[in-house]
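Data block below; observations after.
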Amino acid sequence: MNCASRYNESSRLNERRLHFNVNALRDIIAESVHALSRHIIKFAKIAEGGSFRVFEATFQDSLKVIARLPYPCTLPHGEGIASEAATMEFLRLQGIPVPKIHAWDSSAANPVGAAYMIMEKVEGKELELSWYDMTINERMDVMEKIVDVERKLFDIRFPAYGSLYFQGSLDPSIRTIPITNVGERFCIGPSTEYLWWYQLRNELNVNRGPCTLLMKEFSLVELVAVKRTFPCST
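Under my numbering, read the sequence shown as residues 614 to 847, first letter to last.
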């Protein structure tokens, strides 16, 4: 038995097969950056990721824009794109260097015929391609920047466990908890963690969050840990 048969290659390809309107996608990409689709001089697929098919549109003025379309088998449907778009925008507003989201739609009920995310392309070179050519001081500078990003991430506090969403982006029947310390744009909703959704788990009627009980439990655990470390603390 060859490797293709052993790993059900035909089934895996069918799971990823996506029919969509290329011209409609080009129109949305152009509109998202206030341009015209006829100004796109090159449109090409540049990657097949674990969950997304990735395209790059190049405009006459050399602007490059990325379009990411989830495979039909990518889970969760709807919530995944909605949460990722909100999470990236939330992080960007916190000063974390992530690409800007120009447009997104978590439903396939649009002219493209598929969910999509349109985002800016970040210019630069992968760290692994230049790490061994860098001096010690340059490496230290990079590590300091990475630590600074991690510090900002750990400083963020949320009112519940779950995943980030824009307010109003989910069905009104889905429970959410607003994040009030950063305005009124964001909320915590159901977790998009893959383990909650794969192998038909998406069909289960279970509570995927948001959860505030864990916040109280972890706060108690932290308090116990502090008292064990510093017995005289109050």
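Note that the Cβ used here is the ideal one computed from N, Cα and C, for glycine as well. Remember, it's a predicted structure, so these values are computed and weren't measured experimentally.
Classification of residue i by the beta-carbon crowding that lies within 10 angstroms, buried from 16 upward
{"i": "GLU622", "result": "exposed"}
{"i": "ASP761", "result": "exposed"}
{"i": "ARG639", "result": "buried"}
{"i": "ILE759", "result": "exposed"}
{"i": "SER782", "result": "buried"}
{"i": "ALA722", "result": "exposed"}
{"i": "ILE659", "result": "exposed"}
{"i": "SER720", "result": "exposed"}
{"i": "ILE641", "result": "buried"}
{"i": "ILE801", "result": "buried"}
According to DSSP, residues forming a beta bridge with residue i
{"i": "PRO683", "result": "PHE665"}
{"i": "MET732", "result": "ILE679, ILE714"}
{"i": "ASN815", "result": "In the DSSP output, where bridge partners are listed per residue, ASN815 has none listed."}
{"i": "TYR778", "result": "CYS800"}
C-alpha distance - residue i paired with residue j, whole-angstrom precision
{"i": "HIS715", "j": "SER804", "result": "24 Å"}
{"i": "PHE703", "j": "PHE799", "result": "8 Å"}
{"i": "TYR684", "j": "ASP718", "result": "14 Å"}
{"i": "ARG646", "j": "ARG681", "result": "A small fix is needed here, since residue 646 is Val in this sequence, not Arg. One C-alpha to the other measures close to 16 Å."}
{"i": "THR789", "j": "SER743", "result": "43 Å"}
{"i": "PRO785", "j": "MET753", "result": "48 Å"}
{"i": "ALA698", "j": "ASN627", "result": "26 Å"}
Review point. Is the number of C-beta pairs between the stretch 756–776 and the stretch 651–663 that are closer than 8 Å three or more?
Key: no
Practice item. Please confirm if the stretch 703–713 is in contact with the stretch 739–753, defined as three or more CB-CB distances below 8 Å between the two stretches. Key: no
Review point. Are at least three pairs of beta-carbons, each pair with one atom in the stretch 688–702 and one in the stretch 807–819, less than 8 Å apart?
Key: yes
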